[in-house]
Amino acid sequence: MKRVFIFAGAGLGLLLIVLAALPFFIPASVYKAQIETAASNALGRPVSVDGEARISIFPVISASLEDVRVANPDGFEAPNMIEAGALRGSVKLLPLFSRRVEVKEISFEDASVRLTRTAAGEVNWEFERNTAPDDGANPQPSGDPFSATIDRARLRNASVVYEDLQSGIRYDLSDFNAEASLKSADRPMTLRANGVFQNERFEFDLTLTSPEALLSGVQASVDARLGSDLGNVSFDGTITNEDAMNVSGRYSANIPQLSDVTSFLDIALPVDLAPLGGLRASGSIEGALPDLSLNFSDLTVSGDGLNLNYNGLLHIRDTPEFDGQASLDVRDAFALSRELGLPLQPLSAFKQLSINSRLEGPATALNFAGITARSNSPSLSASYSGSISLADDGRVDGDLSAKSDQLRQLLSQLGVELPEGTSLKSASVSGRARGNFQRLGLESGTFALDDTQATGSISADLSAAVPAVKADLKTSRLDLSPFLGSDADQPAASQPSAWSEAPLDLAALNLLDADIALVADEIDIGKIQLKNSDLSVSLKSGKLNANLNRFSAFGGSWNGKAIVDAAGSTPAFDFEMAASSVEAQSLLSSLAGFDKLSGGGQFSIDVAASGASINQIVNAVDGSLSLEIGNGALQGVNLGQLVRSAGSLREALSSGNLTLQSLGEVVSPQAETDFTNFSATLDIQDGLAQIQSLSLVNSVMNVSGAGQIGIGGRTLDVKLTPAIDRAGQGNTATVQLNGIPVPLRVQGSWNAPRFTPDFSGVQSALASNVRDRAASELQDRIGGEPGAIASDVIGGRQPGASADKTGSQPQSPADDSQESATSPEADAPNESEGEDGEESESEKAIKDVLGLILGPN
């Protein structure tokens, strides 16, 4: 029996020696050719082993092939798809007898793989396998299947190149090393790999509890980690490969610089992500690919001057959905926008920005609930508290507050350039903002602009092609003076004598429609104050209608309307106004620079004009104006003084030199003519106002007037004709100087009119009166034909014209418009004495007549 064991052992040892030595007796070319043929048939393209081919059977079955090449199909530029430096593998011998395949090692070294898609769309990774029909000649083995394990699978110094000639995309994986271990399909598999992908070095670790479970749709545990200079990502959880792969577990990510990742992935973005800095995230993940739910316990994007945090859910679907809390803090919003490549000029007003809000809903209809937002900068402090929704047209509902103590700088930052001035220094607004992104309003608002404050509501409708604004405001004081230019505070008399020819820019009236109601205790327009104002303004398609329901100004009550139509190429204007108890001096000095008329009364105006400048408008204005003033005075002339200057008038008439100096205080800056009533009616055509009626009445005189007022040239040319009595007693409403009117001419500019008596008419009328009365006296005293002849000569008639004394009539006073008059010297009586040194009867008669006219010496 012992010998049997000895011989059996010797035989087994000899068998092992034969098995170990057998590969050395078989030429390598035999099985190398077989390998090339089998591989070529399997892949459908040439496979060559250009290096050595080795096979070993004991103690393990092993084989190695060197310099293996797999050719590319026809039509590809490179000759080979795969080039491998060495392919080695070994299988344990003894476990084979137990129907177990235990792979000791599989090694693929110095492999190079080129995956190519040609410009025609052909690829080289699709193989045409040669398969023989199953005719039963090769029956499948029966019995228990083999089980397999792999102690180690290793890939060393491999490279893979993917090149798409259609799109120009190319990916490079180089210096790739991987090592995997799998004891059995139902036991854990580990994989460790590292390499360089697109010039970025990485490391990858994977542990899978059961590949068999993963392939059969049973839940499998996975622990995966990917690290590189770009960042680190990890997952620890379970995967179930059903109809869709289900994922559940914890994750973390740490990316130092987001811009490096987008650059590495060659993702073109409209902004530069470098200012956003890095990203840090951790939390849990649930769901089936591609619909996943990420629960962020921490999501932080942090850069220089930026910090963004989010805690909550993010559902990754066709449209991402949020349900969590977010916060954003920015040190300098405008600087950040510039660094992002979005230099939004309006953001220059927002320096420090802080936002905290709950995010709910899909990204396209996101709802910001419980939002608090604040911005602080040197030019603006603003805050908002409430909610904002991006759904549909959006929704806004919250408290808004904004204040600027450097309003001009703020407007400049927003792209609005203003001329130099002292206005627009500060502004503030607060109230409840409600509406949507198309129709937004501010309710229960308080507004302030410089020293002007108002309360009320404002809303804007942006849904139409032309935005519409609606406002209902109340203010205690509205100061418009700073917005009307430097001339607004100057009295009208000191302003330029010519109207502006600068084109009116009314384009803003076509930019929006408006409906505004304003109640103001006081509105200041330069030196003009409007009190207790109730105004309503509508603007539609470039046409502005202002209804001035009521206001008080210049001591009186007003109402009216104004229309500005800027819809056409040439603006048109209509203005209608009526007032009662108006102080005339305050009104005329403020509006026209004419301060020579005082008193209180009624005023009305109804005018229309069109023009592209103020000068064109005033030269084209048509309409009417009327006023009636009581208990006032006309300054610059004292018509009553004419009565009280009888002595001076007599002396001037005697010398034939009646001038302004002759009247003394009649015409002077300090002189004035008081009246109980002054009324005027003007008809205006093409900027020229014709005086239809003008009347001034006091206890001793009645003054009428005629003439015209040039609105375009700011000129006056008016004749005032007073009637006063010889003694100046003022016993009747219409008093005359022996029935002779004394005309007064007012000429010149509005702000510096000249008052000049028209003495030519007075002298002509008085001379005619003297001649008539002297002739009559001579005829009565001399009598007969000599008296009639003397009367005709002195009276300026042909001899014999006064023969019928009863039919003669006194000559009417000369017309006021007569520019030349007979000189008093020409008609003065001859005062020479007779030869005997005594006065003749005719001379005495003439002196008596003059005495009757002029009064006693």
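The sequence shown maps to residues 693 to 1549 in the working numbering. Ideal Cβ placement from N, Cα and C applies to all residues, glycine included.
Cutoff 6 Å; reference Thr1498; Cβ partners in own chain excluding five residues on either side: Here residue 1498 is taken as the residue at index 806 of the sequence shown, counted from 1. Its pLDDT being 42, under 50, Thr1498 is placed unreliably in this model, and the value from its coordinates should be taken loosely. Apart from the 5 residues on each side of it in sequence, Thr1498 has no Cβ closer than 6 Å to any other Cβ in its chain.
Those residues which DSSP pairs with Ile1321 across a bridge: Within the sequence shown, residue 1321 is the residue found at index 629, counting from 1. Answer by DSSP bridge pairing, in chain order: Gly1293 and Phe1370.
Which of helix, strand or coil DSSP assigns to Asp1378: Reading the sequence shown from its first residue, position 686 is the one you call residue 1378. Coil.
Environment of Ile861 [buried if 16+ CB atoms lie within 10 Å]: The residue labelled residue 861 in the question sits at position 169 within the sequence shown. That one is exposed.
Cβ pair Gly1234, Leu1201 closer than 9 Å: As a position in the sequence shown, residue 1234 is number 542, starting the count at 1. As a position in the sequence shown, residue 1201 is number 509, starting the count at 1. Yes; because the gap between Cβ atoms is below 9 Å, this pair is in contact.
Spatial distance of Gly1404 from Pro1038 (CA atoms): Here the question's residue 1404 lines up with position 712 in the sequence shown. Here the question's residue 1038 lines up with position 346 in the sequence shown. Their Cα atoms are separated by approximately 44 Å.
Distance CB(Asn1001)-CB(Asp990) smaller than 9 Å: Position 309 of the sequence shown, counted from the start, is the residue given in the question as residue 1001. Position 298 of the sequence shown, counted from the start, is the residue given in the question as residue 990. In this structure, Asp990 lies closer than 9 Å to Asn1001 by Cβ.
C-alpha gap between Gln1400 and Lys1232, whole angstroms: As a working mapping, residue 1400 is identified with position 708 in the sequence shown. As a working mapping, residue 1232 is identified with position 540 in the sequence shown. C-alpha separation (whole angstroms): 38 Å.
Proximity to Gly767 [Cα-Cα], best of Ala1264, Asn816, Pro1159 and Gln1130: Your numbering for residue 767 matches position 75 in the sequence shown. For Gly767, the nearest C-alpha among the options comes from Asn816.
Unbroken beta strand (DSSP E) run spanning Ile861, endpoints: As a working mapping, residue 861 is identified with position 169 in the sequence shown. Annotation: the continuous beta strand (DSSP E) that includes Ile861 extends over Ile861 to Leu874.
Residues of its chain near Glu871, where Cβ-Cβ distance is below 8 Å and the 5 sequence neighbours each way are ignored: The residue given as residue 871 occupies position 179 in the sequence shown. Arg844, Ala845, Arg846, Leu847, Leu883, Arg884 and Ala885, listed in sequence order.
Limits of the unbroken alpha helix (DSSP H) element including Ile1309: If you number the sequence shown from 1, residue 1309 lands on position 617. DSSP places Ile1309 inside the alpha helix (DSSP H), whose first and last residues are Ile1306 to Val1310.
Other residues of its chain near Phe819: CB distance less than 6 Å, five sequence neighbours each side excluded: What you label residue 819 is simply residue 127 of the sequence shown in a count that begins at 1. Once the five neighbours on either side are set aside, the close Cβ partners of Phe819 are Leu735 and Gly736.
Cβ neighbours of Gln1221 in the same chain (closer than 8 Å, five flanking residues each side left out): The sequence position of residue 1221 within the sequence shown is 529, counting from 1. The answer, listed in chain order, is Glu1214, Ile1215 and Ala1245.
8 Å contact criterion, which Ala1061 and Arg1050 should meet: CB distance rounded: Within the sequence shown, numbered from 1, the residue matching residue 1061 stands at position 369. Within the sequence shown, numbered from 1, the residue matching residue 1050 stands at position 358. Ala1061 to Arg1050, Cβ: 4 Å. Contact.
Close Cβ partners of Ile947 (< 7 Å) along its chain, the five nearest in sequence each way excluded: Residue numbering aside, residue 947 sits at position 255 when the sequence shown is read from its first letter. Take Ile947, set aside five residues on each side of it, and the residues of its chain with a beta-carbon closer than 7 Å to its own are Leu922, Gly923, Val953, Gly970 and Leu971, in chain order.
Cut-off 6 Å between Cβ atoms - residues of its own chain near Ser1551, not counting five sequence neighbours on either side: There is no way to answer for residue 1551, as the model of the chain reaches only from 693 to 1549.
8 Å CB neighbourhood of Pro1183 in its chain, flanking five on each side removed: Against the sequence shown, residue 1183 aligns to sequence position 491. Its pLDDT being 47, under 50, Pro1183 is placed unreliably by the model, and nothing is read from it.
Extent of the continuous alpha helix (DSSP H) to which Ser1040 belongs: Counted from its first residue, the sequence shown places residue 1040 at position 348. Bounds of any alpha helix (DSSP H) do not take in Ser1040, whose DSSP letter is neither H nor E.
Backbone secondary structure at Pro1361 - three-state DSSP: Residue mapping note: residue 1361 aligns to position 669 of the sequence shown, counting from 1. Judged by DSSP in its simplified three-state form, Pro1361 adopts strand.
Gly1293, buried or exposed, once every other Cβ within 10 Å from all chains shown has been counted against 16: As a first step, residue 1293 is located in the sequence shown; it is residue number 601 there, counting from the start. When all chains shown are included, Gly1293 counts as buried.
C-alpha distance - Ser913 paired with Gly929, whole-angstrom precision: As a first step, residue 913 must be located in the sequence shown, where it is residue number 221. As a first step, residue 929 must be located in the sequence shown, where it is residue number 237. Taken atom to atom, the span from the alpha-carbon of Ser913 to that of Gly929 is near 6 Å.
Residues that Trp1250 bridges to, as DSSP identifies them: One-based indexing of the sequence shown puts residue 1250 at position 558. According to DSSP, which records beta bridges pairwise, Trp1250 is partnered with Phe1243 and Ala1271.
Length of the line joining the Cα atoms of Leu1289 and Ser1075: Indexing the sequence shown from 1 puts residue 1289 at position 597. Indexing the sequence shown from 1 puts residue 1075 at position 383. Those two C-alpha atoms are separated by around 55 Å.
Delimiting residues of the alpha helix (DSSP H) encompassing Val1438: Here residue 1438 is taken as the residue at index 746 of the sequence shown, counted from 1. Here Val1438 belongs to no alpha helix (DSSP H); instead the beta strand (DSSP E) covers Leu1436 to Ser1441.
Residues bridged to Ile931 [DSSP beta-bridge criterion]: Translated into positions along the sequence shown, residue 931 becomes position 239. According to DSSP, which records beta bridges pairwise, Ile931 is partnered with Ala912 and Val939.
In chain order, each alpha helix (DSSP H) run of at least 4 residues that lies wholly inside the segment 941 to 988: As for any alpha helix (DSSP H) of minimum length 4 sitting wholly inside the segment 941 to 988, the runs are 950 to 956, ordered along the chain.
Classification of Pro637 by the beta-carbon crowding that lies within 10 angstroms, buried from 16 upward: This structure leaves residue 637 out entirely; the chain is present only between 693 and 1549.
Per DSSP, the bridge partner or partners of Glu1193: The sequence position of residue 1193 within the sequence shown is 501, counting from 1. DSSP lists no partner for Glu1193.
Cβ-based neighbour list, Asp1287, same chain, cut-off 8 Å, excluding 5 preceding and 5 following: If you number the sequence shown from 1, residue 1287 lands on position 595. Answer for Asp1287: Ala1185, Gln1277, Leu1280, Ser1281 and Gln1327, listed in chain order.
Chain-order list of residues whose beta-carbon lies under 8 Å from that of Asp956 (same chain, five-residue window excluded): Within the sequence shown, the letter at position 264 stands for residue 956. The amino acid occupying residue 956 in the given sequence is Phe; Asp does not appear at that position. Hits under 8 Å: Gln890, Glu892 and Leu922.
Leu1408 vs Gln1439 beta-carbon contact at 9 Å: Position 716 of the sequence shown, counted from the start, is the residue given in the question as residue 1408. Position 747 of the sequence shown, counted from the start, is the residue given in the question as residue 1439. For the pair Leu1408 and Gln1439, the CB atoms are nearer than the 9 Å cut-off.
Start-to-end residues for the beta strand (DSSP E) that takes in Arg893: On the sequence shown, position 201 is the one that residue 893 refers to. Segment Glu892 to Leu900, the beta strand (DSSP E) holding Arg893.
Neighbourhood of Met881 by C-beta, 6 Å cutoff - its chain only, sequence neighbours within 5 removed: One-based indexing of the sequence shown puts residue 881 at position 189. Closer than 6 Å at Cβ, skipping near neighbours: Leu874, Leu900 and Pro903.
Contacts around Leu984, its chain only, beta-carbon distance under 8 Å, and the 5 residues preceding and following it disregarded: Translated into the one-based positions of the sequence shown, residue 984 becomes position 292. Only Val939, Ile977, Glu978, His1007 and Ile1008 meet the Cβ criterion.
Member of Leu898, Ala1018, Asp935 and Val762 whose CA lies at the smallest distance from the CA of Gly909: Here residue 909 is taken as the residue at index 217 of the sequence shown, counted from 1. By alpha-carbon distance to Gly909, the top candidate from Leu898, Ala1018, Asp935 and Val762 is Asp935.
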